[in-house]
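Numbering (my numbering), first residue to last: -19 to 160.
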Amino acid sequence: EDLEHCGGGGRLPHAAPAMVSARAKRRGLTQLGTLGSGHCVQIQIVDEIYDAEAAAAMGLHQVGRVCVVIHCGSRGLGHQVATDYLQMFEAGMKVVGMVLPDRHVACAPVGSTEGHAYFQAMNAAGNFAFCNRSVLASRVRNAFEDVFQYSARDLGLYTVYDVCHNLAKVEVHQLDGEGR
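Structure representation (structure tokens):
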């Protein structure tokens, strides 16, 4: 049921776990179901509705409705993927004589072997992030069930929407009847 409310059905299509280093995988293994620095699980209350139609579509049409926001990502796995590929890109740019103002802007052409490998690894990290948030959502549901002695379904706990951020995606949208 949650997957119906996840961007891309909770799966980024161009993922290739083989493009993720063993070190990144080891880091992710111990961090599944955790938040990490700057991330949070917040219990919030709807106190004002600005767009009644949009709120109703998301099931948030009542002032006073309790919501839980889960904000986290791919943890050390994603960080290591970025670190691994930034190092590769930085080395490649030095070979061709490019000087960078900041190593964090190192890059490779999307169509290059390196760029394609990074895109696949980044999508694998995005899929790990979906899994991470799913584990956290399950733990939130369990905690609410323990405290309130009702099922998550009876409490109205459901995923409104889950989406990855801080990654690149290839999307096709209809514009004037044409996919672009």
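Every residue gets a Cβ at the ideal spot worked out from N, C-alpha and C, and that includes glycine.
Starting from residue i, trace the alpha helix (DSSP H) in both directions and tell me its first and last residue.
i	result
C111	93 to 128
Q24	From DSSP, Q24 is part of no alpha helix (DSSP H) but of the beta strand (DSSP E) over 20 to 25.
A(-2)	Neither: A(-2) is in no alpha helix (DSSP H) and is coded neither H nor E.
E33	32 to 37
G77	Counting along the chain, G77 falls outside any alpha helix (DSSP H), and DSSP gives it neither H nor E.
A132	132 to 135
Within 10 Å of its beta-carbon, does residue i have 16 or more other beta-carbons around it, so buried, or fewer, so exposed?
i	result
C144	buried
M38	exposed
A2	exposed
N146	exposed
M(-1)	buried
L57	buried
A123	exposed
I55	For the record, residue 55 in the displayed sequence is Arg; it is not Ile. Buried is the call here.
G159	exposed
S114	buried
V61	buried
Q154	exposed
Q11	buried
A36	exposed
G136	exposed
G18	exposed
For the beta strand (DSSP E) containing residue i, list its first residue and its last residue.
i	result
Q11	Per DSSP, Q11 belongs to no beta strand (DSSP E) and is neither H nor E.
V48	46 to 51
Does the distance from the C-beta atom of residue i to that of residue j stay below 8 angstroms?
i	j	result
N112	L(-8)	no
A117	D27	no
D64	A4	yes
D142	G(-11)	no
Q100	A34	no
R119	A132	no
G13	F108	no
Establish whether the CB of residue i and some CB of chain B are separated by less than 8 angstroms.
i	result
N103	Among the protein chains of the structure shown there is no chain B, as only one such chain exists.
message = Pairs of beta-carbons, one from the stretch 80 to 91 and one from the stretch 63 to 72, closer than 8 angstroms: are there three or more?
response = yes
Segment contact flag, the stretch 17 to 25 with the stretch 44 to 61, C-beta cutoff 8 angstroms, min 3 pairs: yes
* Asked: Are the stretch 125 to 135 and the stretch 95 to 109 in contact at 8 angstroms, needing three or more beta carbon pairs?
  -> no
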